[in-house]
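To keep things clear, I will list the structure first and then write my remarks on it.
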Amino acid sequence: MIPISGKTRVAAVWGYPVAHSASPAMHNAAFAAIGFDAVYVALSVAPENIAGAVAGVRAFDLLGVNVTVPLKELVMPHLDSVSETARAIGAVNTIVNRNGELWGDSTDGAGFLAAIESTGVAVNTESRFVVLGAGGSARAVVYALAERGANVVIANRNADRAQTLANDFAHLPGQITRTDYDEAGIGAALAGGATALINTTSVGMQPNADAIPPVPIAALSSETFVADLIYKPRETLLLVAARERGCQTQNGAEMLVRQGAIAFEYWTGTPAPLDIMRQAIR
-3 MIPISGKTRV AAVWGYPVAH SASPAMHNAA FAAIGFDAVY VALSVAPENI
47 AGAVAGVRAF DLLGVNVTVP LKELVMPHLD SVSETARAIG AVNTIVNRNG
97 ELWGDSTDGA GFLAAIESTG VAVNTESRFV VLGAGGSARA VVYALAERGA
147 NVVIANRNAD RAQTLANDFA HLPGQITRTD YDEAGIGAAL AGGATALINT
197 TSVGMQPNAD AIPPVPIAAL SSETFVADLI YKPRETLLLV AARERGCQTQ
247 NGAEMLVRQG AIAFEYWTGT PAPLDIMRQA IR
């Protein structure tokens, strides 16, 4: 890390809680790698303090901020402007300070696409993705896929929430439908050769790493790519089962790196050192 001085810029990640975040290690390693005089810290921000936190970005001239749960939606009204993607998704995960003008973006979807495409997965009008979940991460993923024209099937415990998500993005090129969040529904969605199965839920995340979504593993073709946005543990039970079926798999670490890299490039104007960032979160 570059020695901190009176000229050092400050970037941060906000969450509640946020002590578990891998982003400080990742971004500080990246700043050091390119010789950029900045430090990245984790700041716990309670939802009721979001307005004061945003005012602090201007008051302290912070370089920028990453925003995580439960603040991604709450922060939007306090910014000067947001990207079209952030507005469509209804969430911001990155704030860029442009001389006191605060602009927000959602880099989750672009980070997800970069992560899976790095493995050779094709995202186009011939692709079909089965997405588990309908929360904030699912919105970013579904938007990114459907914007590319891919067909998406959503399975969520709350069927109404899944249908709302499908309706919200019905204007996009890709067709979005829903199925039941059980083995029968997910199995039907996988039938006929789905391109990929994507878990955006917290099922299988530490400390409940012994849990697994209701995916009929026998219905997985070895040609189906399986991604889990969870990165702790490094391999969820879903990924273990998929790997044993012969599927190519990916955990959430690469998406974390890729979405962080976009924010890093916004702040520094320099290409992100991806390998350094990957090493920092191993």
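Residues in the sequence shown are numbered from -3 upward in steps of one, following our numbering.
Where is the CB? At the ideal position from N, CA and C, for every residue including glycine.
Since this is a predicted model, take the numbers as computed values, not measurements.
I85 and A151 have their alpha carbons spaced roughly 18 Å apart.
Counted as a single uninterrupted DSSP element, the stretch harbouring F108 is not any beta strand (DSSP E) but the alpha helix (DSSP H) occupying residues D104 to E113. Following the DSSP letters along the chain, one finds R254 inside the alpha helix (DSSP H) bounded by residues A249 to T264. The beta carbon of N147 sits closer than 6 Å to the beta carbons of R124, G170 and Q171 from its chain, once the five residues preceding and following it are set aside; these are given in chain order. Across the set V127, Q159, G256 and P267, the C-alpha of V127 shows the shortest separation from the C-alpha of S198. In this structure, the CA atom of T4 is about 10 Å from the CA atom of L58.
Taking a contact to require three or more Cβ pairs closer than 8 Å, the segment 161 to 170 and the segment 201 to 212 do not qualify as touching. When rounded, the separation of the alpha-carbon atoms in V6 and A190 is 44 Å. Between the segment 49 to 67 and the segment 86 to 98, the count of C-beta pairs closer than 8 Å reaches three or more; the two stretches touch. For R124, the uninterrupted beta strand (DSSP E) segment begins and ends at R124 to L128. Our two residues, E97 and A110, have alpha carbons roughly 28 Å apart in a direct line.
Three or more Cβ pairs closer than 8 Å define a contact, and the segment 212 to 220 falls short of that threshold against the segment 63 to 83.
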